[in-house]
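Participant: Just passing along the structure, written as structure tokens.
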Amino acid sequence: MNGRHLLRALGIVLGCLISSSSINLFLMPNHLLSGGLTGIGIIVYFMTGGLPVGAQVLVYNLPLLFAAFKTLGREYIVDVIFGTVMFSVCLDATHFLNDYAPVHDTMLAAVFGGVFNGIGYGIIFRMNGSSGGLDIVAAIIKKYYSLNMGGVIFAFNCVIMAASAVMFGVVPAMYTLISMFMSGTLTDKVVAGFNHRKVVILISDRTRVIAEGILSEVGRGVTFLDGEGAFLHKKKQVLFVVVSLTQIARIKDIANAIDPQSLMIVMDASEVMGRGFTLPGIRLEEMLRERQERMQEERKKLEENND
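Residue numbers (my numbering): -7 to 299.
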């Protein structure tokens, strides 16, 4: 457990470091904003001529943390405090990167700033952490008003976008919108995982034969689900199997060869965990040999009963 907590803490720190570095390398040198309280801190930074953004974010979070402690409880606030402090520290610790901005093209800065910012936030959220800010506001509002957290955060970011348009002009605000879009997209990708697989649901009158073909030819486990047709109320067995993208064609060939009238549905699976994917799978030869031995034993028992 201690090792797991340490790994989680290191992941949150890494996410804060990536996100804050992205803000200081790409966004701030090109007068672009980030979302949430960091965006407010950047606005104040330019208005005052250099008030540290990290220190501002930490101060802005103090009343929110107190409100979260009163409304959401101690367990929630402990995780948020760590992420908030680390993010604020990383923002000011990487401020020197402003002087080493790699690109001065606003579009490139918006794209790459959003990408790396999203990766950083994604790592934080994947570790079940939080950098504070509008996440706290959204969580409190959701508790009392049952509003969607994403919608609440988007509404606050719209206000920040309006302030950006007033201060820096409409064009920088539009680039900021691009950056926010890229950040949100990459955050979702990192949280959901890049380990994409396909889920195959197959309905047929010859599901057992098709399952034998998938087991022997593709080497993937198959699960039988009980189903019933709504029109004729006919009992059916539904095949459920998770495969990689390159194995879809082989399953199609097997299903079409055995039952051309079968219904096959292919869906996306964002992240698959377990044996054969994130855990070592059973060797195909060993699995087939065990199945063959089991079938022979059942056949012998059947013959003995008939005698």
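Think of the CB as a built atom: it goes at the ideal place given N, C-alpha and C, for glycine as much as any other residue.
In three-state terms, what does DSSP make of Thr270?
Facilitator: Because the pLDDT at Thr270 is just 48, under 50, the model does not fix this residue reliably, and the value given afterwards should be weighed accordingly. Here Thr270 sits in coil by DSSP.
Participant: In angstroms with no decimal places, state the Cα-to-Cα distance between Asn297 and Arg291.
Facilitator: The straight-line gap from Cα to Cα measures roughly 10 Å.
Participant: Counting only C-beta atoms, is Gln288 closer than 9 Å to chain D at any point?
Facilitator: Structure shown: chain D not included; a single protein chain is present.
Participant: Measuring straight from C-alpha to C-alpha, what distance separates Leu330 and Leu19?
Facilitator: Summary: the structure shown does not reach residue 330, with the chain confined to residues -7 through 299, and so no result is reported for it.
Participant: Does DSSP put Leu231 in a helix, a strand or coil?
Facilitator: Residue state, collapsed to three classes: strand.
Participant: On the CB-based measure, 16 or more other CB atoms within 10 Å of its CB, does Gly125 come out buried or exposed?
Facilitator: The residue in question, Gly125, is buried, as its Cβ has 16 or more Cβ neighbours within 10 Å.
Participant: With a threshold of 16 other CB atoms inside 10 Å of the CB of Ser208, please say whether the residue is buried or exposed.
Facilitator: Result: exposed.
Participant: Whole angstroms is fine: what's the gap from Ile246's alpha carbon to Pro252's?
Facilitator: Ile246 and Pro252: Cα-Cα distance of roughly 9 Å.
Participant: What separation, rounded to the nearest whole angstrom, lies between the Cα atoms of Asn248 and Arg189?
Facilitator: Each residue's alpha carbon lies about 22 Å from the other.
Participant: Just to confirm, does Phe108 get its C-beta within under 8 Å of one of the non-hydrogen atoms of the ligand MG?
Facilitator: Looking for the ligand MG in the displayed structure turns up nothing, as the structure carries no ligands at all.
Participant: Quick one: give me the first and last residue of the beta strand (DSSP E) that Met99 is part of.
Facilitator: Per DSSP, Met99 belongs to no beta strand (DSSP E); it is in the alpha helix (DSSP H), Thr98 to Arg118.
Participant: So Ile193 packs on Ile243, CB below 8 Å; how close in whole Å?
Facilitator: At roughly 11 Å, the Cβ-Cβ gap does not stay under 8 Å, so Ile193 and Ile243 are not in contact.
Participant: Identify, in the order they occur along the chain, each residue of the same chain with its Cβ nearer than 6 Å to the Cβ of Leu217, setting aside the five sequence neighbours on each side.
Facilitator: Correct list, in chain order: Val230 and Phe232.
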